[in-house]
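In the numbering used here, the protein residues as written are -5 to 287.
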């Protein structure tokens, strides 16, 4: 049932004047008349009598008027709810990121955007790299920040922020700490403390070890970088991690040595090429303009 017909019926029931109803609805008398006739035909009843230029409601018109008003009210509420939802969604930015984002420039970019656009509701959460694209695909996030090991063609829009490379993380007292660089072969026989399979770093480390003919002696696998750093500072082993993902401020006994050959990773913002909210577009533009500066 066309809500415009209901609207014309309710207004005409109040004015009993086609000219006034047409003015209220920013329409014409002819259009209002067609809407009323169409509604009467659809319902199979006469809603108004028209005699001697007088318009009056019929008994059935009086009977259904409360229902018509309720329908119109509910339709208006529905429209308002949708409008409020769209406005809220348009001003909400959801970003999901790898846990180590605080060590990269992207973290400052998000904070700067939040300061520049306080009208935007920022929702920020972390997740492991393997879950971020799923978050993007199912609409749970507008933008994700993750690590890429390749810049091959992708179905997503990408803004690369930084590059990073693997380094060996070890105690300063280790003889290996004095080397300008280290190979996986140099680490043969050492105890490895690694980020586990749920991260995006485990498999590249294992691939590099196997390529060098090394089978790492892994004594710990986990997700917490701080725990691994604590274990390294106590002389329990070494790790291979991304150089810039580490904050060694609280670990003065630890150092890093570049891993040779180097393998570069790219830290990037990604988003779907479809369905951008206003907030997502503003953030994307903000990041691009910051690149130019």
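Heads up, the beta-carbon is just placed ideally off N, CA and C, and yes, glycines get one too.
Take residue 195, set aside five residues on each side of it, and the residues of its chain with a beta-carbon closer than 6 Å to its own are 189, in chain order.
Secondary structure remark: continuous beta strand (DSSP E) runs of at least 3 residues inside the region 194 to 268, in chain order: 211 to 216, 233 to 236, 248 to 252, 258 to 265. As the crow flies, the alpha-carbon of residue 142 is around 31 Å from that of residue 113. Under the three-state reduction of DSSP output, residue 43 falls in the strand class.
The three-state secondary structure of residue 169, taken from DSSP, is helix. As computed with DSSP, residue 120 is found in a beta bridge with 91. Here residue -1 is buried: its Cβ has 16 or more other Cβ atoms, across all protein chains shown, within 10 Å. A Cβ-Cβ separation of about 30 Å leaves residue 250 out of contact with residue 137 under the 8 Å criterion.
For a cut-off of 8 Å, the C-beta gap from residue 210 to residue 186 is around 4 Å, short enough to register as a contact. The beta carbon of residue 179 lies closer than 8 Å to those of 206, 207, 208 in the same chain, with the five residues before and after it left out.
Per DSSP, residue 189 is one residue of the beta strand (DSSP E) stretching across 185 to 189. Following the DSSP letters along the chain, one finds residue 50 inside the beta strand (DSSP E) bounded by residues 48 to 51. Nearest Cα to residue 177 within the set 154, 204, 191, 30: 204. Within the DSSP secondary-structure output, residue 155 pairs in no beta bridge. Boundaries of the alpha helix (DSSP H) harbouring residue 3: -3 to 9, taken from the DSSP string. When secondary structure is reduced to three states using DSSP, residue 103 falls in the helix class. One Cα belongs to residue 235, the other to residue 69, and the distance between them is close to 57 Å.
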